[in-house]
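Protein chains in written order, with my numbering: chain A, 1 to 360; chain B, 1 to 344.
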């Protein structure tokens, strides 16, 4: 398929790999932040092609995985609101909260529907005015603009039965928090392509300036990732760490001003709870006062039972790059994609699911 | 790693994923149904049972059809119900002869739709040379079913000298696929509520009995046949690897796939390897016979794009290995959960 096959071509990959092997003589620890990168690396078996000096570590870039148990419990409680239906992206269905999953709630008769776009939720609200439709807003800067636009549209149409639960998260400050935890020794980042298509490259400049780390914003095809690795190797060699854009066909340094504007109209920065990283100031997106009516966390008085963390689950450490999935005692034993204990085993983009599915 | 999971004893309810043809379906079948019904005819777990009556071997199978929407490009639930059971019989090498048809209909269902479905069933059956010889109808209260559910069962005669089972794959055998994958899955998805996208793609829904007859004319060294329906190519190859206790190696760039299917999968974040097909088969054939069987398949309208996509090896036992376009390898696992588009 044109514009796809070129990026998966073994012939084109060879010279890039040869150059990486020639240059990467010293150990290099690189974190791929985004879950889609994690999947691509596993799906195409890229680890086996890279020299042993290069270690790829998965980061906190799977939106489902970093959603805290508390937020998941709130989603479950929302599904139990009488007369309400929860609309969610498919990969939230099987994530274990403290005591249930949305899939189990649906099997128990709650109205939980899978949608492909927040606008589908809006449409449902118009079609069934007697029901309250609650959309679960989970995702990074990639997803947030569409949810913001949907919220503004709902207000314009005067819908009273459409609500959004915002568990959105923003990436750059989370990387800072991750580095400040100090446990993960890194030389550079493979930065997320789609998040950066929205926010641009400037928000990452602190990586080089404050931490002396290399960063390359990468596309998602195997050749994109290999080229990004090569760029990181070269940055390291040159001793001049900076933020570069490999994914030029998708990302401009300024990002997407229109999307950022819409996000700014609907949301304001808030604190957010991240699995593994804890509470990080300014990495959440809360609805502005003007949209308070459709903010599910304000519109419903939820009785959310005390949150329980799953014993033995080390998703938090996996997300921070402290251990590989195989480092968790539950991996592929008590925790499998059929019977997931933690979110990293559920989501298609989760590091544990990728390691289980494709081998590492 | 990649251990086969143990019984999901923590689950107290049936989830949709139990019916998706993946790991959870497999587990439900083996840990509940097979355990309860255990007998030597059931145990091979092929698409159909093989019965020995009057010195002859007969294939016997059943399947239920619950597709939404009921009418789709390239077919409808009726055509699907006939093709599906014909294909299950054909996958044991049998010549399908007689079918039953059971209807569970929701109160209020359109009579003209029912007429159209029945006409489509008859047309498909007679084109394939099988007869619908018995049936049943139940009507349930509104809400008790989603429009219409159809069950078909069928029997077919297995010719002398044919010995096809999921347990018969041997190292050295070649893996043949009769055409492009994912057509049915994407055609159905394109009509799903909330996901409507325009495509000229049609379901590949087709009866494969004639194709199988022709393949068997060329060679009796066809060891396994299976139609990659729910769970797609990925699940089918994994089932065969497990049943035969072998490793199956597949070349990604040899798997035929339509550009439209590839495009839809890229957009939706789906893996074409796990999408359903309704008119395709996988054949595991002795090395010497593979090329001849392939040529015969390519001469048949339902096998025009057939390809040899891989081979059977001793290792890794019960696993499927995919060599990607980059020349690197990875495990190709069974489907887990419902295949759904993801967040970003």
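In this text, a Cβ means the ideal position worked out from N, Cα and C, and glycines have one as well. For clarity, every value in this text was computed on a predicted model and none was experimentally measured.
How would you write the range of the beta strand (DSSP E) that residue i sits in, first residue to last?
i                      : result
residue 112 of chain A : 111-114
residue 31 of chain A  : 28-32
residue 278 of chain A : 278-287
residue 212 of chain B : Where residue 212 of chain B is concerned, there is no enclosing beta strand (DSSP E), although the alpha helix (DSSP H) it sits in stretches over 209-218.
residue 223 of chain B : 222-226
residue 64 of chain B  : 56-65
residue 106 of chain B : 95-106
List, in chain order, every chain A residue whose beta-carbon is nearer than 9 Å to that of residue i.
i                     : result
residue 27 of chain B : 338
residue 23 of chain B : 336, 337, 338
So residue i contacts chain A; which residues on that side make the cut at Cβ distance below 7 Å?
i                      : result
residue 183 of chain B : The premise fails here: residue 183 of chain B is roughly 15 Å from chain A at the closest Cβ pair, so nothing lies under 7 Å.
residue 266 of chain B : 4
residue 333 of chain B : 357
Please list, in chain order, all residues of the same chain as residue i whose beta carbon is under 7 Å from its beta carbon, the five residues on each side excluded.
i                      : result
residue 169 of chain B : 223, 224, 240, 244, 246, 284, 312
residue 5 of chain A   : none
residue 340 of chain A : 94, 96, 346
residue 276 of chain B : 184, 185, 229, 230, 232
residue 257 of chain B : 180, 181, 182, 272
residue 22 of chain A  : none
Going along the chain, which residues of its own chain have a beta-carbon closer than 8 Å to the beta-carbon of residue i, five neighbours each way excluded?
i                      : result
residue 298 of chain B : 304, 305, 306
residue 356 of chain A : 325, 331, 332, 336, 337, 345
residue 253 of chain A : 200, 201, 202, 245
residue 334 of chain A : 312, 341
residue 107 of chain B : 139, 140, 141, 142, 144
residue 72 of chain B  : 187, 188, 191, 203
With a threshold of 16 other CB atoms inside 10 Å of the CB of residue i, please say whether the residue is buried or exposed.
i                      : result
residue 198 of chain B : exposed
residue 146 of chain B : exposed
residue 258 of chain A : exposed
residue 202 of chain A : exposed
residue 68 of chain B  : exposed
residue 187 of chain A : buried
residue 192 of chain A : buried
residue 9 of chain B   : Bear in mind that the predicted position of residue 9 of chain B carries a pLDDT of just 43, short of 50, making it unreliable; the figure below should be weighed with that in mind. Residue 9 of chain B should be labelled exposed.
residue 180 of chain A : exposed
residue 20 of chain A  : buried
residue 206 of chain B : buried
residue 112 of chain B : exposed
residue 108 of chain A : exposed
residue 1 of chain B   : Bear in mind that a pLDDT of 34 at residue 1 of chain B, under 50, signals an unreliable position, so the number given afterwards is only what the model happens to contain. It counts as exposed.
residue 305 of chain A : exposed
Check for me: the alpha helix (DSSP H) holding residue i runs from which residue to which?
i                      : result
residue 24 of chain A  : It is not in any alpha helix (DSSP H) - residue 24 of chain A carries neither H nor E in the DSSP assignment.
residue 294 of chain A : Neither: residue 294 of chain A is in no alpha helix (DSSP H) and is coded neither H nor E.
residue 172 of chain A : 172-181
residue 234 of chain B : 232-244
residue 35 of chain A  : 35-43
residue 26 of chain B  : 23-28
residue 74 of chain A  : 69-79
residue 256 of chain A : Where residue 256 of chain A is concerned, there is no enclosing alpha helix (DSSP H), given that its DSSP letter is neither H nor E.
residue 206 of chain A : 206-211
What does a CB cutoff of less than 6 Å around residue i pick up in its chain, not counting 5 residues either side in sequence?
i                      : result
residue 183 of chain A : 322
residue 209 of chain B : 86, 90, 96, 128
residue 84 of chain B  : 63
residue 299 of chain A : 163
residue 75 of chain B  : 203, 205
residue 172 of chain B : 287
Which residues of chain A have a Cβ atom closer than 8 Å to the Cβ of residue i, listed in chain order?
i                     : result
residue 13 of chain B : 104, 107, 108
Please list, in chain order, the chain B residues whose beta carbon lies closer than 8 Å to that of residue i.
i                      : result
residue 8 of chain A   : 324, 325, 326
residue 80 of chain A  : Those do not exist, as residue 80 of chain A stays about 16 Å from chain B at its closest Cβ, beyond 8 Å.
residue 247 of chain A : Near residue 247 of chain A there are no residues of chain B at all, since even the closest Cβ is about 14 Å away, more than 8 Å.
residue 49 of chain A  : 326, 328
residue 276 of chain A : What residue 276 of chain A touches in chain B: nothing, since even the nearest Cβ is about 18 Å away.
residue 45 of chain A  : 324, 326, 328, 329, 330
Which chain B residues sit within Cβ distance under 9 Å of residue i?
i                      : result
residue 222 of chain A : 324, 325, 326, 328
residue 1 of chain A   : 257, 259, 262, 263, 266
residue 42 of chain A  : 330
Can you name the residues of chain B whose CB is closer than 7 Å to the CB of residue i?
i                      : result
residue 154 of chain A : Within 7 Å Cβ-Cβ: nothing; residue 154 of chain A doesn't reach chain B, min ~17 Å.
residue 13 of chain A  : 326
Pairing CB atoms from the region 209-219 of chain A with CB atoms from the region 90-108 of chain A, are three or more of them under 8 Å? Segment contact: the region 209-219 of chain A against the region 90-108 of chain A, fewer than three CB-CB distances shorter than 8 Å; contact not assigned.
Is the region 247-265 of chain A touching the region 188-201 of chain A, taking contact as three or more C-beta pairs under 8 Å? Output reads yes: the region 188-201 of chain A touches the region 247-265 of chain A.
Would you call the region 63-75 of chain A and the region 156-173 of chain A touching, i.e. three or more CB-CB distances under 8 Å? With the cut-off at 8 Å, the region 63-75 of chain A and the region 156-173 of chain A touch.
Pairs of beta-carbons, one from the region 305-324 of chain A and one from the region 343-351 of chain A, closer than 8 Å: are there three or more? When Cβ pairs closer than 8 Å are counted between the two stretches, the region 305-324 of chain A is seen to touch the region 343-351 of chain A, the count reaching three or more.
Would you call the region 154-168 of chain B and the region 114-126 of chain B in contact, with 3 or more CB pairs under 8 Å? Contact between the region 154-168 of chain B and the region 114-126 of chain B is absent, with fewer than three C-beta pairs closer than 8 Å.
So, does the region 227-241 of chain A touch the region 262-272 of chain A, judging by three or more C-beta pairs under 8 Å? Because the criterion of three Cβ pairs below 8 Å is not met, the region 227-241 of chain A and the region 262-272 of chain A do not touch.
Is there contact here, the region 118-136 of chain A with the region 20-34 of chain B, by at least three beta-carbon pairs under 8 Å? Output reads no: the region 20-34 of chain B does not touch the region 118-136 of chain A.
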